[in-house]
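Asker: Residue numbers (my numbering), protein chains in the order written: chain A, 34 to 283; chain B, 34 to 283.
Protein chains: 2
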Amino acid sequence: MAEREVDRSVSQTVKAQLALRDQILSGSLRPGERISELQAVETTGASRTPVRMALVRLEEEGLLEAIPSGGFMVKAFSERDISDSIELRGTLEGLAARFAAERGVSARELEPLKECLAAIDELLRQVPISIEAFSSYVTLNARFHALLTELSRSPPLIRQIDRASALPFASPSGFVMAQSALPEAQQILIIGQEHHRVVIDAIENREGARAEAVMREHARLAVRNLRLALRNRTHLDLLPALALIKTATD
Amino acid sequence: MAEREVDRSVSQTVKAQLALRDQILSGSLRPGERISELQAVETTGASRTPVRMALVRLEEEGLLEAIPSGGFMVKAFSERDISDSIELRGTLEGLAARFAAERGVSARELEPLKECLAAIDELLRQVPISIEAFSSYVTLNARFHALLTELSRSPPLIRQIDRASALPFASPSGFVMAQSALPEAQQILIIGQEHHRVVIDAIENREGARAEAVMREHARLAVRNLRLALRNRTHLDLLPALALIKTATD
DNA sequence: TGAATACGTTATGTATACAATAGCGCAGGA
DNA sequence: TCCTGCGCTATTGTATACATAACGTATTCA
Chain A
34 MAEREVDRSV SQTVKAQLAL RDQILSGSLR PGERISELQA VETTGASRTP
84 VRMALVRLEE EGLLEAIPSG GFMVKAFSER DISDSIELRG TLEGLAARFA
134 AERGVSAREL EPLKECLAAI DELLRQVPIS IEAFSSYVTL NARFHALLTE
184 LSRSPPLIRQ IDRASALPFA SPSGFVMAQS ALPEAQQILI IGQEHHRVVI
234 DAIENREGAR AEAVMREHAR LAVRNLRLAL RNRTHLDLLP ALALIKTATD
Chain B
34 MAEREVDRSV SQTVKAQLAL RDQILSGSLR PGERISELQA VETTGASRTP
84 VRMALVRLEE EGLLEAIPSG GFMVKAFSER DISDSIELRG TLEGLAARFA
134 AERGVSAREL EPLKECLAAI DELLRQVPIS IEAFSSYVTL NARFHALLTE
184 LSRSPPLIRQ IDRASALPFA SPSGFVMAQS ALPEAQQILI IGQEHHRVVI
234 DAIENREGAR AEAVMREHAR LAVRNLRLAL RNRTHLDLLP ALALIKTATD
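Next comes the structure, spelled out in structure tokens:
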């Protein structure tokens, strides 16, 4: 084993996967670029076997693409790929909300959702919102969506939503952060928050169709959000995640 | 390498993955059962590295579950897991149909769909339908759904639908075959075929909402189909795929 | 007699060695 | 000068050896 430094607290495979995902999402590896196993071995500190396992997982996750002649490359996404992914995720979340409403949810289970809601309300009170508050917003928003998904009590659906979230749009921080300087930004967040409020209400009142509809509308808002961000490319240096978008004309 | 037989026509990893999936779907490996790497090495003929890669892929595919202490086991599904998966897939297919309708599809692209439709019509003409005809139906139906998915022109959506189809309900042969002896079977197939006809019509007329709605209804039909099959367990010996369902009460 | 601990066996996680293929460059001939 | 073919190199795919952790069993002590 020589002098290789080994961190035994987590498995090498997981370590390599996290490291590589970081490299991809941070833009160290550009879209279309081929990932060299040897290079990955050096940057991650794991050996080739766990690195290869990590590569396979990242491919399944949708961040990498297998090259027919062997090896993997960083996947490149068009703007439409990403907006489709957002709508796709919204559709699944809509289903989750409907399941939650139809199957019934106890008041106790809704508690954490409401706490999230209140915390976000608090953040949005400042106008204009600070970068730090934005950062908290992103975390809380992700938490809200995760909790909502859980309410569906449907493991296959939860799993599928997780996978859909693995796509780059799942790091919404990029889009939101990009717009912190835009006038429309705050307005969009406020509308989104209203959606959150409505979906909880619909679930409480067991109105499945309404719960589903509002989540789909929520996704359409996110698509508008994305378009807005992309029309204001000057802010995009804040967006490492968006590095995944093809530079091509699409 | 010794005397190990190596088939160089396909990669060992793919070979192992196919072999293992077969074993799972055919019921050779029962739900909840731990998969031994060593045993898999013997049955697949590949060595441990490709076997492990195959296991990782099958886990991502949803057929296996990682055991915290290490290794993998065959995932077990409840009846609700499967019906949820069907509805989930239907929801995604609905989105695909809507995309197709909204984005427009040329008559030439619809041609293969219509051929499928006609071929299925031909099969359903026999009453009662033979086992062989059922088998053809299953193939054609899968083809129809795959073609429809393609029409969305959305790679992320197509990808996600593929993954949703990897779940056991994706081998619809089981459910359908099981009912070949049931009186309601043929009726269900005929209704399903009507759905196929409507979705094509909706796409041709660019009615996105209608296209989406009919695919979701189609999925609900499939759920009823599943329930029906499960209520008539006597026919289930035809169903290796259903071996995946937990024997538990759930 | 039962429970707990220690040891051994077995299986997984990791590392590395070996094999094969694909891509690239150079050289030679047309 | 360009095209083609051969060979080398670099990188992936596969196999296996080694390390480590978990589980089961047996033995001993209470």
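Where is the CB? At the ideal position from N, CA and C, for every residue including glycine.
When you check each C-beta in the region 158-191 of chain B against every C-beta of chain A, which residues fall closer than 7 angstroms?
Answerer: Answer set for the region 158-191 of chain B: Ser187, Pro188, Pro189 and Leu190.
Asker: Could you tell me whether the Cβ atoms of Pro83(B) and Ala49(B) are closer together than 8 angstroms?
Answerer: On the second sequence, residue 83(B) is found 50 positions in, with the first residue counted as 1. On the second sequence, residue 49(B) is found 16 positions in, with the first residue counted as 1. The answer is yes: Cβ separation under 8 angstroms.
Asker: Can you check which of these residues, Leu125(B), His229(B), Leu88(B) and Gln159(B), is closest to Phe105(B) by C-alpha distance?
Answerer: Mapped onto the second sequence, residue 105(B) falls at position 72. Minimum Cα distance to Phe105(B) is reached at Leu88(B).
Asker: Report the residue ranges of all alpha helix (DSSP H) runs contained in full by the region 97-182 of chain A; include only those spanning at least 4 residues, in chain order.
Answerer: The region 97-182 of chain A contains these whole alpha helix (DSSP H) runs: 112-136 and 140-157.
Asker: At what residues does the alpha helix (DSSP H) containing Glu93(B) begin and finish?
Answerer: Taking the first residue of the second sequence as 1, we reach residue 93(B) at position 60. Start and end: Arg81 to Glu94.
Asker: Are the C-beta atoms of Arg90(A) and some chain B residue less than 8 angstroms apart?
Answerer: If you number the first sequence from 1, residue 90(A) lands on position 57. Yes, because at least one Cβ of chain B sits closer than 8 angstroms to the Cβ of Arg90(A).
Asker: Rounding to the nearest angstrom, what Cα-Cα distance links Lys147(A) and Tyr170(A) in this structure?
Answerer: If you number the first sequence from 1, residue 147(A) lands on position 114. If you number the first sequence from 1, residue 170(A) lands on position 137. Answer to the nearest angstrom: the Cα atoms are 15 angstroms apart.
Asker: Using DSSP's beta-bridge definition, name the partner residues of Ile68(A).
Answerer: Numbered from its first residue, the first sequence carries residue 68(A) at position 35. Ile68(A) is bridged to Phe105(A).
Asker: Check Asn258(A) in the structure and name its three-state DSSP category.
Answerer: Position 225 of the first sequence holds residue 258(A). DSSP places Asn258(A) in helix when its eight states are reduced to three.
Asker: Pick out whichever of Glu237(B), Leu156(B) and Ile224(B) has its Cα sitting closest to the Cα of Ala140(B).
Answerer: Indexing the second sequence from 1 puts residue 140(B) at position 107. Minimum Cα distance to Ala140(B) is reached at Glu237(B).
Asker: So Leu118(A) contacts chain B; which residues on that side make the cut at Cβ distance below 7 angstroms?
Answerer: The count along the first sequence starts at 1 and reaches residue 118(A) at position 85. Position check: residue 118(A) holds Ser in this sequence, whereas Leu was assumed. The answer, in chain order, is Pro189.
Asker: Can the beta-carbon of Gln226(B) be found closer than 8 angstroms to that of Asp154(B)?
Answerer: The residue you call residue 226(B) lines up with position 193 of the second sequence. The residue you call residue 154(B) lines up with position 121 of the second sequence. Yes.
Asker: Nearest to Val256(B) by alpha carbon, out of Ile223(B), Leu121(B) and Val232(B)?
Answerer: Locating residue 256(B) in the second sequence gives position 223, where the first residue counts as 1. When only C-alpha atoms are compared, the closest one is Leu121(B).
Asker: Tell me the DSSP secondary structure of Arg54(A) in three-state form.
Answerer: The sequence position of residue 54(A) within the first sequence is 21, counting from 1. It is helical.
Asker: Leu128(A) versus chain B: which residues are under 8 angstroms apart at the beta carbon?
Answerer: Counted from its first residue, the first sequence places residue 128(A) at position 95. Ordered by position in chain B, the residues that pass the 8 angstroms Cβ test against Leu128(A) are Glu120, Leu121 and Thr124.
Asker: At a cut of 8 angstroms, does the region 54-70 of chain A reach the region 90-109 of chain A through at least three beta carbon pairs?
Answerer: The region 54-70 of chain A vs the region 90-109 of chain A: in contact.
Asker: Can you find a C-beta in chain A that's less than 8 angstroms from the C-beta of Ala203(B)?
Answerer: For the purposes of this step, residue 203(B) is taken as residue 170 along the second sequence, with counting starting at 1. Confidence at Ala203(B) is low in this model, with a pLDDT of 47, below 50, so its placement is unreliable and no value can be given for it.
Asker: Give me, in chain order, the residues of the same chain whose beta-carbon lies closer than 8 angstroms to that of Leu150(B); leave out the 5 immediate sequence neighbours on both sides.
Answerer: Counted from its first residue, the second sequence places residue 150(B) at position 117. If we look at Leu150(B) and ignore the five residues flanking it on each side, its Cβ neighbours are Phe177, Gln226, His229, Arg230 and Ile233.
Asker: Leaving out the 5 sequence neighbours to the left and right, which residues in its chain are closer than 8 angstroms to Gln159(B) when beta-carbon positions are compared?
Answerer: Position 126 of the second sequence, counted from the first residue, corresponds to residue 159(B). Closer than 8 angstroms at the Cβ level, and outside the excluded window around Gln159(B), lie Ala166.
Asker: Can you tell me the Cβ-Cβ gap for Leu96(A) and Ile68(A), rounded? I've got them flagged as a contact below 8 angstroms.
Answerer: Sequence index remark: in the first sequence, residue 96(A) carries index 63 (1-based). Sequence index remark: in the first sequence, residue 68(A) carries index 35 (1-based). Incorrect: roughly 10 angstroms between the Cβ atoms, too far for contact.
Asker: So for Thr46(A), helix, strand or coil by DSSP?
Answerer: Working through the first sequence from its first residue, we reach residue 46(A) at position 13. Of the three classes helix, strand and coil, the one that applies to Thr46(A) here is helix, per DSSP.
Asker: So for Ser185(B), helix, strand or coil by DSSP?
Answerer: Within the second sequence, the letter at position 152 stands for residue 185(B). Note: Ser185(B) maps to coil in three-state DSSP.
Asker: Might you give, ordered along the chain, the residues of its own chain that have their beta carbon closer than 8 angstroms to the beta carbon of Ile191(B), omitting 5 neighbours on each side?
Answerer: By 1-based counting over the second sequence, the position of residue 191(B) is 158. Within the same chain, Ile191(B) has close Cβ partners Ala129, Thr182, Glu183 and Ser185.
Asker: Whose C-alpha, out of Ile119(A), Val138(A), Glu250(A) and Val247(A), is nearest the C-alpha of Asp195(A)?
Answerer: For the purposes of this step, residue 195(A) is taken as residue 162 along the first sequence, with counting starting at 1. Looking at the Cα atoms, Ile119(A) is the closest of the given residues.
Asker: Rounded to whole angstroms, what is the Cα-Cα separation between Ala235(A) and Val43(B)?
Answerer: One-based indexing of the first sequence puts residue 235(A) at position 202. One-based indexing of the second sequence puts residue 43(B) at position 10. Cα-Cα distance, rounded: 52 angstroms.
Asker: Return helix, strand or coil for Glu245(B), following the three-state DSSP convention.
Answerer: Looking up residue 245(B) in the second sequence gives position 212. Glu245(B) falls in the helix class under three-state DSSP.
Asker: Excluding sequence positions up to five away, which residues of its chain have a Cβ less than 8 angstroms from the Cβ of Ala197(A)?
Answerer: What you label residue 197(A) is simply residue 164 of the first sequence in a count that begins at 1. Closer than 8 angstroms at Cβ, skipping near neighbours: Ser118, Leu121, Arg122, Leu125 and Ala203.
Asker: Are the C-beta atoms of Arg230(A) and some chain B residue less than 8 angstroms apart?
Answerer: Here the question's residue 230(A) lines up with position 197 in the first sequence. Closer than 8 angstroms: no.
Asker: Whole-angstrom Cβ separation of Leu157(A) and Leu222(A), contact assumed at under 8 angstroms?
Answerer: Residue mapping note: residue 157(A) aligns to position 124 of the first sequence, counting from 1. Residue mapping note: residue 222(A) aligns to position 189 of the first sequence, counting from 1. Contact holds; Cβ gap of about 6 angstroms.
Asker: What do you get for Arg249(A), buried or exposed, if any count of 16 or more other CB atoms within 10 angstroms of its CB means buried?
Answerer: On the first sequence, residue 249(A) is found 216 positions in, with the first residue counted as 1. The residue is buried, with at least 16 neighbouring Cβ atoms inside 10 Å.
Asker: Could you check the C-alpha separation between Arg54(B) and Glu144(B) for me, to the nearest Å?
Answerer: Locating residue 54(B) in the second sequence gives position 21, where the first residue counts as 1. Locating residue 144(B) in the second sequence gives position 111, where the first residue counts as 1. Distance between the alpha carbons of Arg54(B) and Glu144(B) is about 33 angstroms.
Asker: Check whether the Cβ atoms of Arg93(A) and Arg85(B) sit closer than 8 angstroms, and answer yes or no.
Answerer: Position 60 of the first sequence holds residue 93(A). Position 52 of the second sequence holds residue 85(B). It is worth fixing the name first, because residue 93(A) is Glu in this sequence and not Arg. Cβ atoms of Glu93(A) and Arg85(B): not closer than 8 angstroms.
Asker: For Leu77(A), return the contacting residues in chain B, with the cut-off set at a CB-CB distance below 8 angstroms.
Answerer: Counting from 1 along the first sequence, the entry for residue 77(A) is found at position 44. Reading off the sequence shown, one finds Thr at residue 77(A), where the question assumed Leu. Near Thr77(A) there are no residues of chain B at all, since even the closest Cβ is about 17 angstroms away, more than 8 angstroms.
Asker: Could you tell me whether the Cβ atoms of Arg131(A) and Ala244(A) are closer together than 8 angstroms?
Answerer: Against the first sequence, residue 131(A) aligns to sequence position 98. Against the first sequence, residue 244(A) aligns to sequence position 211. In this structure, Ala244(A) lies closer than 8 angstroms to Arg131(A) by Cβ.
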